[in-house]
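Enquirer: Residue numbers (this note's numbering), protein chains in the order written: chain A, 1 to 514; chain B, 1 to 335; chain C, 1 to 323.
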Amino acid sequence: MTAHPAAIHSAAELDDLRRRAPLLKLDGITKTFPGVVALDDVSLEVRAGEVHALLGENGAGKSTLMKILAGNHQANRGQIHLEGEVVHFDNPMQAKEAGIVLIHQELSLVPEMSVAENIFLGALPRGMFGTVKWRVLHAVAAEILKTLGCKFSPRDKVGRLSIANRQMVEIARALVFTPKVVVFDEPTASLTDAEKVVLFEIIRGLTKKGVGVVYISHRMDEIFTLSDRLTVLRDGKVRGTLETSETSEDGVTQLMIGRSLEGRTKRAAGAFGPVALEVKGLTCGSLYHDVSFQVRKGEVVGMYGLVGAGRTEVAETLFGLRTPDAGEIRIDGEVVAIDAPPAAIARGLALVPESRKEQGLVLGMSCRDNMSMAKLSGVTGRFGFLKPRAEQAIYDEYAKTLDLRAPGPAALAVNLSGGNQQKVVIGKWLATDPEILILDEPTRGIDVGSKSEIHDLIRRLAASGLAVLVISSEMPEIMGVSDRVLALYHGRIAGDFDAETLTEDRLVQAISGL
Amino acid sequence: MTSDTTGAPPRAMLPTWSDVGHLAQRQGILIAFILFIIAFSFTSERFASWDNASTVFRQVSIIGTMALGVTVVVIGGNLDLSVGSMLSFATVLVVDLHDKIGPAPAMAITLVATLAIGAVNGILVGFLRLNSLIVTLGMLSAIQGVTLIYSGGQNVDITDQEATWFAFFGRDFLLGVAVPTWIFLGLAVVFQIVLTRTAYGRRVFAVGGNPMAATFSGIRRSYVVFSTYLVSAFTTFCAALILGSRVMGSQNNVGQGYELMVLAGVILGGTSLLGGSGSMVKTVIGVLILGFIQNGLLLMGYQYYAQWLVTWVVIILAVWLDVASKRGRLFTTTT
Amino acid sequence: MTKTLQSLTHLSRLTVVPPIWLFTLACALFFTVTTDNFAEIGNLTNILQQTSTIGLIALGMTVVMINGNIDLSVGAVVALAASLAVGLQSDIGTLPAVAVGLGSGIALGFLNGMIVWKTGVDAFIVTLGAMIGVRGLVFVYTQEQSFFAMDFAYSDFGMSQTLGLPTLAWVFLGFTVVMHWVMTSTVHGRNAYAVGGNREAALNAGIRVGRHMVVNFMIVGFFAALAGITLSTQMGASTPNLGREYELWTITAVVLGGTKLTGGAGSILGTLGGVLAIGILRNGMNLMQVPAFYVLVILGAILIAVLFIDRQVNRAGSEEVEA
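1) Along the chain, where does the alpha helix (DSSP H) that runs through K151 (chain A) open and close?
2) Kindly indicate if chain B contains any beta-carbon less than 7 Å away from that of F385 (chain A).
3) Alpha carbon to alpha carbon, how far is L128 (chain C) from E117 (chain A)? Give it in angstroms, no decimals.
4) Can you tell me the Cα-Cα spacing of T91 (chain B) and L187 (chain B), whole angstroms?
5) Would you say R199 (chain C) faces chain B, with C-beta separation under 7 Å as the test?
6) Report buried or exposed for D185 (chain A), applying the criterion of at least 16 other Cβ atoms within 10 angstroms of its Cβ.
7) Kindly list, in the order they appear in chain B, the residues whose Cβ is closer than 7 Å to that of R135 (chain C).
8) Taking C-beta to C-beta, are R126 (chain A) and V121 (chain C) nearer than 7 Å?
9) Mapping DSSP to helix, strand and coil, what is P442 (chain A)?
10) Using a Cβ distance threshold of 8 Å, determine whether the region 202-215 of chain C contacts the region 79-98 of chain C, with at least three qualifying pairs required.
11) Using a Cβ-Cβ cut-off of 8 Å (strictly less than) and excluding sequence neighbours within five positions of S245 (chain B), which residues of its own chain qualify?
12) Does V290 (chain C) come out as helix, strand or coil in the three-state DSSP assignment?
13) Going by DSSP, what residues sit across from H52 (chain A) in a beta bridge?
14) Should S41 (chain B) and F33 (chain B) be called a contact, given that it needs their Cβ atoms to be closer than 7 Å?
15) Within 10 Å of its beta-carbon, does S108 (chain A) have 16 or more other beta-carbons around it, so buried, or fewer, so exposed?
16) At the level of alpha carbons, what is the spacing between A553 (chain A) and E316 (chain A)?
17) Whose C-beta lies closer than 7 Å to the C-beta of R405 (chain A) among residues of the same chain, with five residues either side of it excluded?
18) Which residues of chain C have a Cβ atom closer than 7 Å to the Cβ of S108 (chain A), listed in chain order?
19) Counting beta carbon pairs with one atom in the region 102-121 of chain B and one in the region 48-55 of chain B, are three or more of them shorter than 8 Å?
20) Where does A276 (chain A) fall in DSSP's three states?
21) If distances are taken between C-alpha atoms only, which option among A:L282, A:A271, A:T241, A:G298 comes closest to V291 (chain A)?
22) Which parts of the region 58-104 of chain A are runs of the alpha helix (DSSP H), unbroken and 4 residues or longer, counting only runs that do not cross its ends?
23) Counting only runs of 4+ residues fully inside the region 226-284 of chain C, write out the alpha helix (DSSP H) ranges in chain order.
24) Can you confirm whether I268 (chain C), when its beta carbon is compared against all beta carbons of chain A, has any partner nearer than 7 Å?
25) Would the beta-carbon of R58 (chain B) fall within 7 Å of that of A178 (chain B)?
26) Cutting at 6 Å between CB atoms, please list the residues of its own chain near L538 (chain A), excluding the five before and the five after it.
27) Of all the CB atoms in chain A, is at least one closer than 7 Å to the CB of T333 (chain B)?
28) Looking at the ligand ZN, does it come within less than 6 Å of V74 (chain B), judged from the CB to the closest heavy atom?
29) Counting only beta-carbon atoms, is T271 (chain B) nearer than 7 Å to chain C?
30) Can you name, in chain order, every residue of its own chain whose Cβ lies under 6 Å from the Cβ of S90 (chain C), other than the five neighbours on each side?
31) Leaving out the 5 sequence neighbours to the left and right, which residues in its chain are closer than 7 Å to V224 (chain B) when beta-carbon positions are compared?
32) Can you look up Y223 (chain B) in the DSSP assignment and give me helix, strand or coil?
33) With three or more C-beta pairs closer than 8 Å as the rule, is the region 282-301 of chain B touching the region 260-270 of chain B?
34) If you follow the beta strand (DSSP E) that H490 (chain A) is part of, which residue opens it and which one closes it?
35) Answer yes or no: does any C-beta atom of chain B fall closer than 7 Å to that of F147 (chain C)?
36) Report all residues from its chain with a CB closer than 7 Å to the CB of I119 (chain A); omit the five preceding and five following residues, and keep chain order.
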């Protein structure tokens, strides 16, 4: 199929378009996953020619909503109206054919194929004997790339493009289907400033053609430059839809977080114990440089930064999963060489990893077996035999401490809700009696109730003398739980704030490199 | 609303229908096996006899013993296609050395040599993280070559077949049960205990179930994978003792094709090739199904090779049912 | 070490020709120098004829492996097609018998493909089952007998020459060209890379993945059957054990040629290089009077070495954690 660029509208016509009935209307969308209500009666309107920003913290339900819109998921309740008609998508192809295109956060390209082939994936122009009409393909692809201002050739292999350029290919692919609604899901996460400018131009070009754009982003500055209206989601519910020009960043933040940031009483620095973990000049290739910080016993240190700023990589290095190029790690004042996780565990380190399902749990195993996994030597008796009672004792103890709600110790981890799964992972690490606990995105994708329980738990653990390092991309979490916050920007420590100096603005500035 | 706000459900005191369903799902292969035996029993009087059953056990003991080790490799998330060649190698070696240096030293040397081959597999897959299918495929060829080089392409045999105590492994009976059956079932029991009751077993399951999570939990994944290949080399060595002792000689390609029958038994038992699940009980049943299909069909007067056709159907049905029950529907929805 | 690997990475980016050809040419050069007869035309055409059987199967195997599948039943299909083509020729005539043989391969490919598609069982297991079952079928059909071709034209064909090359070499090269064209220039061929490289994306883009895979299983079934038939023309006979372990040799050749087991990457040119590498090694070592046994060891070692080098080259520059 070929691109049919719709007519460019004049400003007056556009205004008219925008006033008319909404192009796209989501009405009362509800979606539940086992154990979680991801979306609760969500309604949203997108007008032709507008950029409608969608905001919310991780886990607020933005991605799920957009996946329903694009046919990847189906709603349990609610309707989608496109140009006044009720539509229903069983798969992404149907959504695309109806004119709704989602530009994925996770790229959906085929690395071994050329740019042009990726743009026309599933729709290669067919000639005689089923051959590909290469000339047509390359000509049309080149045209589309030109409108996007891309420098690379349609013949280049996608696997050899930079991440930013791959993003462009994704966008180019959306333009093939004369789209009515285009959803951008965090499109600038991997773009440079210059590339962002180009992207914004493209988005404005789309709206001029009467396309409705849904723009998902964390970055306030982008949303305020680009969007006409915005909708805020929190915990699967719409918290408000506003004209962008009539609101402020503060107002939006309030909506996203749902409360003014809680004024937790913070202890003075003197109240903490001696330094448990000290990192000096740690450097690892292009991932992070010259990272130095300290965590004291009883202290919660937050590490805040955008995805890709190097936070997880620092944690992985501390835990022996990466080898640093330079720098030293001291535990209780002693320089340690940690070459693998067992060495880290022996040194009293524990890491609750970023990805619960991929790194935290063996999903096909029982809760009890998962919980004793990091402490197998502690529950092993003579001849390597496991001691079932010791394992049961671990389960009982931490199921109680953490208020784990599982059908029983033999329940498979895969059948628990996200919050309870995370409690199993935390239990696994508490069972090792750690002195230093690192939590990487401890509440990602779990429900509000479990979230605050985990926050309370972190405070309790610190109060009992643990040194805690919390990595998070959620501002309220970091602000609420930490005694001190490190801001990471492009692999460097861009700020170190204690309780007195910590403000949202300063933190946002630090992680944006300002 | 959600499961975690309602708290832990009360423990059911009596089995419910859904428990029966669960049992059917979990023990499906066992139930199928029992039905299968009953069905065959009706068609042939000899089938259900003690004699016949003990014959089947003896017949499957070689493949079965190898399958135990391969199950450990598969639970750890890998494949071992080199066991067939390894069987040829070990059998030729032990038989050839038997007359030259005596049975005990021959067995010792063969054990060490076989474990060394397993160690090569283990280093390549465990430490170098190479794809196990290709590695063990390459090893299949290489070990075949090594065996042929060693034997000079000649078949080997034991001259004095009556006098040697080496006959014990393949030909003797203990308490009315054949020694090969003892070896097969004995190892199955030991392995089952090791897998379910020891820290080592737990590590194998963890590494196969989610290598990343195992590593993040401080389990040394490379060593665990390495060790599973030693286990499969060891069981292959045991199978070679049975085979060499039973035949009192060996062709240099005697194990050709065994790797796939072994794998068929493992898969039939219900151990997933994805790793992280499986058991020795399953594998014993899987191998016995193979054995009883063969035996039953022969007794019913079908040709020897008809069993392979039935095996084809049974393997696909068994795995299909497993996959379908996890998916919740019989067919995929892929376009 | 890392430096070398990085430069290797660059090298592989610059070359259009699959890297296995460097190895293939090096082997050819080595044997040209060390043996008297290797470079003779007669010997080279001999290699082509010898490799044509594995080569034909490998063409089909490449396609299913690019899809991310595998077919272990090819060896058994070789025997089935050969037995049918030879066994039936006295009853129904040679050409119809050959057609039945080819048809059996295509039909079994269809069956394998449909099972993989509809049941969702892994291709490895489906075709492992088929490998055992089809071999059983062959034994049941042949009653464990070898068949001899009564039509001499049939066995003459296998030994015949056309335009100075063995006819079977032409058959192999001809189909290589055709399959190269299919994989590089047709929509079906390009979709094969999409399905193997990013199945989810292919489905989302509306490619009918299931049907696509079935076609590819039929292609590999066809080539396995064709290889069985050409092999039986060379022998003037078929045996029920024909094609044993061919699946292993074929996979070896295809992997040597750079096709990934995980799918999405690979080429017919690479496979040709892999097939020839094996053929040249066997032939050259034979000329050097290296016992055939050593060839097995060397081929196994080369397969593993290629896998190792490939992994090192691809890993250079990756930032994933090695867990």
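Just so you know, even glycine gets a beta-carbon here, dropped at the ideal spot from N, CA and C.
Expert: For this structure:
1) Where K151 (chain A) is concerned, there is no enclosing alpha helix (DSSP H), given that its DSSP letter is neither H nor E.
2) yes
3) 34 Å
4) 19 Å
5) no
6) buried
7) W308
8) no
9) coil
10) no
11) F166, A167, F168, F169, G170, R171
12) coil
13) A:V214, A:R229
14) no
15) buried
16) For residue 553 (chain A) there is no data in the structure shown, the boundaries of chain A being 1 and 514.
17) N420
18) N198, E200, A201, N204
19) no
20) strand
21) A:L282
22) 62-69, 92-98
23) 246-256
24) no
25) yes
26) There is no way to answer for residue 538 (chain A), as the model of chain A reaches only from 1 to 514.
27) no
28) For the structure depicted, the ligand ZN is absent and the ligand set is empty, with no information on it obtainable.
29) no
30) M150
31) G76, R203, V204, V207
32) helix
33) yes
34) Here H490 (chain A) belongs to no beta strand (DSSP E), and DSSP marks it neither H nor E.
35) no
36) A141, I144, V169, A172, R173, V176
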